[in-house]
Amino acid sequence: MILPIIMAGGSGSRLWPLSRQQFPKQFLTLLGEHSMLQTTANRLAGIEHAPTLVICNEEHRFSVAEQLRVNQIPNSGIVLEPVGRNTAPAIALAAMLALSKGDDPLLLVLAADHVIKDEAAFCNAVNKAIPLAEQNQLVTFGIVPTAPETGYGYIKRGDALSHCLNNGLGNGLENSLENALGFNVAKFVEKPNLATAQDYIATGEHYWNSGMFMFKASTYLQELKQHSPKIFAACEASIANPQYDVDFIRINQPAFEACPDDSIDYAVMEKTQHAVVVPMDCGWNDVGSWSALWEIDDKDEQGNVFKGDVIGINTSNSYVNANEKLVAVIGLDDVVVVETKDAILVVKQSQVQQVKQVVEQLKAEQRSEWQHHREVYRPWGKYDSIDNGGRFQVKRITVKPGAKLSVQMHHHRAEHWIVVSGTAKVTNGDKQILLTENQSTYIPVGVVHALENPGKVDLELIEVQSGSYLGEDDIVRFEDRYGRVAPVEAN
Numbered sequence: 001m002i003l004p005i006i007m008a009g010g011s012g013s014r015l016w017p018l019s020r021q022q023f024p025k026q027f028l029t030l031l032g033e034h035s036m037l038q039t040t041a042n043r044l045a046g047i048e049h050a051p052t053l054v055i056c057n058e059e060h061r062f063s064v065a066e067q068l069r070v071n072q073i074p075n076s077g078i079v080l081e082p083v084g085r086n087t088a089p090a091i092a093l094a095a096m097l098a099l100s101k102g103d104d105p106l107l108l109v110l111a112a113d114h115v116i117k118d119e120a121a122f123c124n125a126v127n128k129a130i131p132l133a134e135q136n137q138l139v140t141f142g143i144v145p146t147a148p149e150t151g152y153g154y155i156k157r158g159d160a161l162s163h164c165l166n167n168g169l170g171n172g173l174e175n176s177l178e179n180a181l182g183f184n185v186a187k188f189v190e191k192p193n194l195a196t197a198q199d200y201i202a203t204g205e206h207y208w209n210s211g212m213f214m215f216k217a218s219t220y221l222q223e224l225k226q227h228s229p230k231i232f233a234a235c236e237a238s239i240a241n242p243q244y245d246v247d248f249i250r251i252n253q254p255a256f257e258a259c260p261d262d263s264i265d266y267a268v269m270e271k272t273q274h275a276v277v278v279p280m281d282c283g284w285n286d287v288g289s290w291s292a293l294w295e296i297d298d299k300d301e302q303g304n305v306f307k308g309d310v311i312g313i314n315t316s317n318s319y320v321n322a323n324e325k326l327v328a329v330i331g332l333d334d335v336v337v338v339e340t341k342d343a344i345l346v347v348k349q350s351q352v353q354q355v356k357q358v359v360e361q362l363k364a365e366q367r368s369e370w371q372h373h374r375e376v377y378r379p380w381g382k383y384d385s386i387d388n389g390g391r392f393q394v395k396r397i398t399v400k401p402g403a404k405l406s407v408q409m410h411h412h413r414a415e416h417w418i419v420v421s422g423t424a425k426v427t428n429g430d431k432q433i434l435l436t437e438n439q440s441t442y443i444p445v446g447v448v449h450a451l452e453n454p455g456k457v458d459l460e461l462i463e464v465q466s467g468s469y470l471g472e473d474d475i476v477r478f479e480d481r482y483g484r485v486a487p488v489e490a491n
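For the sequence shown, full-length UniProt numbering begins at 1 and goes up steadily by one.
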């Protein structure tokens, strides 16, 4: 049985301003109709597998759950990492959970933010890897390179592997490149300079390191325990008594915080004697920059990719993404323009890697634009901060049918609610009232209140906050159906 493991972590810096820390690229719809996370799960349709297990950051849990729900993607659970500790520990948690259920599945480890254009080739490579993984090999998928890229690590192949003999893997001269299931890994190599990358392409013996893997849960843990015992021990302590909250699986935070931060490559794959590589020629891209997205998307006759409401005059070889406003570009070549509600990026394609420096400067200046969008998603719906001043803030709030915000109060701010459409069930102190279109209520400072949508259509309302302090940490929660216990989230 194959158990897909989708790793849905990410910092949201390389595709800023569309990607943010609280809404990184795996949740964005960049190509086609679905987000990258949804597309990753959907491409598994060509493989026989168990429901997917997703691993993500605690702060992304509701985004993951909602995207799976909307796309009707069955899952085995959503493992919440209280802190990021890289891929080796994340995969260990998944393997330990799988074994705790009495199974020893083949784990198919995937990143949630990769583009794969040829899904049939992807499925063929996965099926080739199955007999190798069943023979206790650690399979990594090597992407057949199309150019001397310097931004990827590489894998050099060794002897060919084609079939199983006497419970071992056959190799040697009888196994030609044509019928090989895969190859022994000769070595992993770091990101090369251009001349070295050109040599790799010329030899035909190197693949891009994709970060996708397949192996038995027990085999991975055995190798991890041997080569990185501190990671194994910390993960074992973290998962000893998991807490289940609907689809969410919570682990021991102090134990996981003590875990070393290391990738599966460094912790296991570069040390094991059982690493094999299966080539994959599938139109793969990890979308590590805006220029990478321009390269893989469909272009017009001038080499442009225009998304949204864009007018281009005498413009060529450019990527323009308009999310909210009309964007007009004139006389430009080889540029990227990305517009969102609260930020605009304009950069030459050759310098898109410096977008990270913008994010770092925003962090240093303690601005919010690196962390979240003006429009913020919550398990009950979303809010859009449409205006603010020294002692006021205005939000447009959307509450999904049947959803309810937490029962809460504020020490420093009062709130006015005006219903735009739908029906609001409001708790205001010791009173409960129903409000419909054009009706309003006032929540004084310190009064316990709650907002619920009892109807069958979205509830839209305008919230005007006023007071001496308007930060989102001025929330004291008394009840919450979404398990949010820390007073750091909005509403």
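C-beta: ideal position from N, C-alpha, C; glycine also. Owing to the predicted nature of the structure, the values given are computational and were not obtained by experimental measurement.
query	result
Collapsed DSSP secondary structure at residue 241 in the structure displayed	coil
Under the three-state DSSP convention, the category residue 398 falls into	strand
Which of helix, strand or coil DSSP assigns to residue 131	helix
Check whether residue 272 and residue 138 have beta carbons under 8 Å apart	yes
First and last residue of the uninterrupted beta strand (DSSP E) at residue 427	424–428
Exposed unless 16 or more other CB atoms sit within 10 angstroms - verdict on residue 18	buried
Pairwise C-alpha distance: residue 319 and residue 301	13 Å
For residue 53, the nearest candidate out of 200, 370, 91 (CA to CA)	91
Cα-Cα separation, residue 427 to residue 449	5 Å
Residue 173 versus residue 160: straight-line alpha-carbon distance, rounded	Its pLDDT being 37, under 50, residue 173 is placed unreliably by the model, and nothing is read from it.
N- and C-terminal bounds of the alpha helix (DSSP H) containing residue 100	87–100
Element boundaries [beta strand (DSSP E), containing residue 356]	From DSSP, residue 356 is part of no beta strand (DSSP E) but of the alpha helix (DSSP H) over 355–364.
Rounded straight-line distance, which links the Cα of residue 14 to that of residue 175	Low per-residue confidence applies at residue 175: pLDDT is 46, beneath 50, and the placement is therefore not dependable enough to give any value.
Three-way DSSP call (helix, strand, coil) for residue 441 in this model	strand
Chain-order list of residues whose beta-carbon lies under 7 Å from that of residue 85 (same chain, five-residue window excluded)	256, 259, 261
Rounded C-alpha distance that separates residue 5 from residue 25	18 Å
Reduced DSSP secondary structure (H/G/I, E/B, other) of residue 225	helix
Assigned secondary structure, residue 22 (DSSP; H/G/I helix, E/B strand, else coil)	coil
Beta-carbon separation (whole angstroms), residue 380 vs residue 400, contact threshold 8 Å	6 Å
Bridge partners - residue 77, DSSP secondary structure assignment	53
Residues of its chain near residue 311, where Cβ-Cβ distance is below 6 Å and the 5 sequence neighbours each way are ignored	328
Contact check, residue 126 vs residue 207, beta carbons under 8 Å	no
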